[in-house]
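Q: In numbering that gives the first Met the number 0, the protein residues as written are 0 to 146. The beta-carbon is built from N, C-alpha and C at its ideal position, and this holds for glycine as well. Since the structure is predicted, the reported quantities are computational estimates derived from the model, not experimental observations.
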Amino acid sequence: MTTELVTSIARTYVGTNVYMAPERLEGNGYSIHSEVWSFGLSLCELAVGRFPYKAPDHSNSAIGLLNTIVKEPPPRLPDGIFSEGFIDFVALCMQKDPTIRPAPRDLLQHPFIVKNDDGNTEIIAAWVGAKLQQIQLRRIAHATSSA
Numbered sequence: 000m001t002t003e004l005v006t007s008i009a010r011t012y013v014g015t016n017v018y019m020a021p022e023r024l025e026g027n028g029y030s031i032h033s034e035v036w037s038f039g040l041s042l043c044e045l046a047v048g049r050f051p052y053k054a055p056d057h058s059n060s061a062i063g064l065l066n067t068i069v070k071e072p073p074p075r076l077p078d079g080i081f082s083e084g085f086i087d088f089v090a091l092c093m094q095k096d097p098t099i100r101p102a103p104r105d106l107l108q109h110p111f112i113v114k115n116d117d118g119n120t121e122i123i124a125a126w127v128g129a130k131l132q133q134i135q136l137r138r139i140a141h142a143t144s145s146a
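(1) DSSP on F85, reduced to helix/strand/coil?
(2) What three-state label does DSSP hand D78 in the structure shown?
(3) How would you call V127, buried or exposed, if buried means at least 16 neighbouring beta carbons within 10 angstroms?
(4) Using 8 Å as the Cβ pair cut-off and three pairs as the minimum, do the region 109-121 and the region 40-55 touch?
(5) By the DSSP assignment, the alpha helix (DSSP H) with I99 in it spans what residues?
(6) From what residue to what residue does the alpha helix (DSSP H) around E25 run?
(7) Take I62 as the anchor and find which of N16, I134, K130 and F85 has the nearest alpha-carbon.
(8) Under 8 Å by Cβ, that's how I've got Y52 and I31 pegged, so tell me the actual separation to the nearest angstrom.
(9) Can you tell me whether A125 is buried or exposed, with buried defined as 16 or more other CB within 10 angstroms of its CB?
Okay, here's the thing in structure tokens:
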């Protein structure tokens with residue numbers, strides 16, 4: 000990863016709104032740290048099997064959900080189900096303040112990664128693929144039962 004990429008600030012509108020970092024939803028510039036937020040949110044969703052944010056009870060609107068992402072604390076993985084290392088890793092990725100959110104290079108040094116990195120990316124790819132398939136099947140089942 001080049002220094003220019005890490006330090007650049009892009010001001011273009013790209014991405015799926017609900018996966019955007021809070022700073023992007025507020026219309027601010029973003030950096031590689033914003034991508035770390037999206038990565039953490041994706042890990043959280045894969046771990047719990049559903050999108051971790053819910054719109055406020057009084058609003059089922061997309062705006063209500065985006066407001067929740069910006070204003071409320073980020074979701075946290077439940078204790079006792081996941082390792083403390085994984086919970087901490089995801090929590091670091093989902094720091095609201097982008098200035099304290101780690102860069103990808105720093106995440107590679109996190110104890111959870113160091114402990115579990117055996118160099119075999121095929122296992123992770125298979126796990127992510129299986130989780131994505133489970134999520135897709137749930138969405139199809141939900142859409143079918145709602146129709």
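A: If we stick to the structure as given:
(1) On the sequence shown, position 86 is the one that residue 85 refers to. In this structure, F85 counts as helix in the three-state DSSP scheme.
(2) Against the sequence shown, residue 78 aligns to sequence position 79. In the structure shown, D78 sits in a strand (DSSP, three-state: E or B).
(3) By 1-based counting over the sequence shown, the position of residue 127 is 128. Classification for V127: exposed.
(4) no
(5) Here residue 99 is taken as the residue at index 100 of the sequence shown, counted from 1. Neither: I99 is in no alpha helix (DSSP H) and is coded neither H nor E.
(6) Within the sequence shown, numbered from 1, the residue matching residue 25 stands at position 26. E25 -> no alpha helix (DSSP H), and no H or E assigned at all.
(7) Position 63 of the sequence shown, counted from the first residue, corresponds to residue 62. For the residues N16, I134, K130 and F85, the minimum Cα distance to I62 belongs to N16.
(8) For the purposes of this step, residue 52 is taken as residue 53 along the sequence shown, with counting starting at 1. For the purposes of this step, residue 31 is taken as residue 32 along the sequence shown, with counting starting at 1. The Cβ separation is near 22 Å, so there is no contact.
(9) Position 126 of the sequence shown, counted from the start, is the residue given in the question as residue 125. With fewer than 16 other Cβ atoms inside 10 Å of its own Cβ, A125 counts as exposed.
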